[in-house]
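In the working numbering, the protein residues as written are -7 to 180.
Encoded as structure tokens, the structure appears first; notes follow it.
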Amino acid sequence: MTLSSFLEFWRAPPPHAQTDPVKSLYNAYMWAEQELADLKAKGILFLVPAKDSRGRWVPVYDEGRINDVAALSGDIEQTAAKIKSISNDIEEVQTLAGGPYMLELQREHEQLIHQVRLAEAAAGAATRRAINGRGRQAAPPRPEEIATRPELVELYADADLLKAESAPKIEEMRIRLEKIREILEKYA
-7 MTLSSFLEFW RAPPPHAQTD PVKSLYNAYM WAEQELADLK AKGILFLVPA KDSRGRWVPV
53 YDEGRINDVA ALSGDIEQTA AKIKSISNDI EEVQTLAGGP YMLELQREHE QLIHQVRLAE
113 AAAGAATRRA INGRGRQAAP PRPEEIATRP ELVELYADAD LLKAESAPKI EEMRIRLEKI
173 REILEKYA
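Rendered as structure tokens:
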């Protein structure tokens, strides 16, 4: 994704992205761009007409305002550097998030965690049902009978497999989200 596509996305974001924290990057970029435009416009105020060596009229900076022009030029350079820094942060966030906003990554992360928890909860619920003796046997089942029931063994194996397969992806997403939040702290 490019800076221009990021800016285009945030000019009119879809409703589900309105609350995304990445919008603070867009706001910071637009504010810095406006500040730079204002500073450049202010520079025009220091121009006066003068004749060059050939006798043509050209704009030059008023000699009595050279210090003001130098200060303004420093402000313009700082603002341009700020815009470059924000642009770099935008590119990094887009790379980490896989797009112009982070809610999708956050949703996928939470969904993976939820799937693992559901699988573990299903195995636990099946165990509780077995312990409570659904089907009402004369005597309560012994723990070793419960632990060796094929349906319970399969449920716990599935939950463990899902957890093992999802753990690296969950951790990778957590790290990416953490890095994005770290970047966005500068613009909060």
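In this text, a Cβ means the ideal position worked out from N, Cα and C, and glycines have one as well.
Worksheet item: Any chance the segment 161 to 179 sits against the segment 79 to 88, with 3 or more Cβ pairs inside 8 Å?
Response: yes
- Task: Compare the Cα-Cα distances from ALA122 to each of LEU17, PRO135 and PHE(-2) and report the closest residue.
- Result: Locating residue 122 in the sequence shown gives position 130, where the first residue counts as 1. When C-alpha distances from ALA122 are compared across LEU17, PRO135 and PHE(-2), the shortest belongs to PRO135.
Can you tell me which of the three DSSP states ALA42 falls into?
-> To locate residue 42, count along the sequence shown from 1; it is residue 50. It is a strand residue.
**Report entry** Whole-angstrom distance between GLU163 and HIS106, CA atom to CA atom
**Finding:** If you number the sequence shown from 1, residue 106 lands on position 114. If you number the sequence shown from 1, residue 163 lands on position 171. Taking C-alpha positions only, HIS106 is separated from GLU163 by approximately 14 Å.
State the DSSP-derived secondary structure class of TYR21, mapped to helix, strand or coil.
-> In the sequence shown, residue 21 corresponds to position 29, counting from 1. In the structure shown, TYR21 sits in a helix (DSSP, three-state: H, G or I).
TYR93 in three-state terms, based on DSSP: Translated into the one-based positions of the sequence shown, residue 93 becomes position 101. In this structure, TYR93 counts as coil in the three-state DSSP scheme.
Give the DSSP bridge partners of VAL61, in chain order.
As a first step, residue 61 must be located in the sequence shown, where it is residue number 69. DSSP output for VAL61 lists no bridge partner at all.
- Starting from the C-beta of VAL61, find all residues in its chain whose C-beta is less than 6 Å away, skip the five residues before and the five after it, and write them out in chain order. Numbered from its first residue, the sequence shown carries residue 61 at position 69. Taken in chain order, the residues that qualify are PHE38 and TYR53.
**Message:** By the three-class DSSP mapping on this structure, what secondary structure does VAL145 have?
**Reply:** The residue you call residue 145 lines up with position 153 of the sequence shown. Three-state result, VAL145: helix.
Reduced DSSP category for PRO7 - H, G, I as helix; E, B as strand; rest coil | Locating residue 7 in the sequence shown gives position 15, where the first residue counts as 1. It is helical.
Going by DSSP, which residues form a beta bridge with TYR179? Taking the first residue of the sequence shown as 1, we reach residue 179 at position 187. TYR179 pairs with nothing; no bridge assigned.
TODO: Take LYS155 as the anchor and find which of LYS15, PHE(-2), ALA29 and VAL108 has the nearest alpha-carbon.
DONE: Position 163 of the sequence shown, counted from the start, is the residue given in the question as residue 155. When only C-alpha atoms are compared, the closest one is VAL108.
Notebook entry, point to check: Below 7 Å between beta carbons: does that hold for PRO41 and LEU176?
Noted result: Here residue 41 refers to the residue found at position 49 when the sequence shown is read from its first residue. Here residue 176 refers to the residue found at position 184 when the sequence shown is read from its first residue. Contact flag unset, no.
If you check the beta carbons only, do GLU112 and ALA151 fall under 7 Å apart?
Looking up residue 112 in the sequence shown gives position 120. Looking up residue 151 in the sequence shown gives position 159. Closer than 7 Å, so yes.
| query | Is PRO6 near the ligand HEM, in the sense that its beta carbon is under 6 Å from a heavy atom of that ligand? | reply | With respect to the ligand HEM, the structure offers nothing, as it holds no ligand at all.
key: Reduced DSSP secondary structure (H/G/I, E/B, other) of PRO13   = As a working note, residue 13 is residue 21 in the sequence shown. PRO13 falls in the coil class under three-state DSSP.
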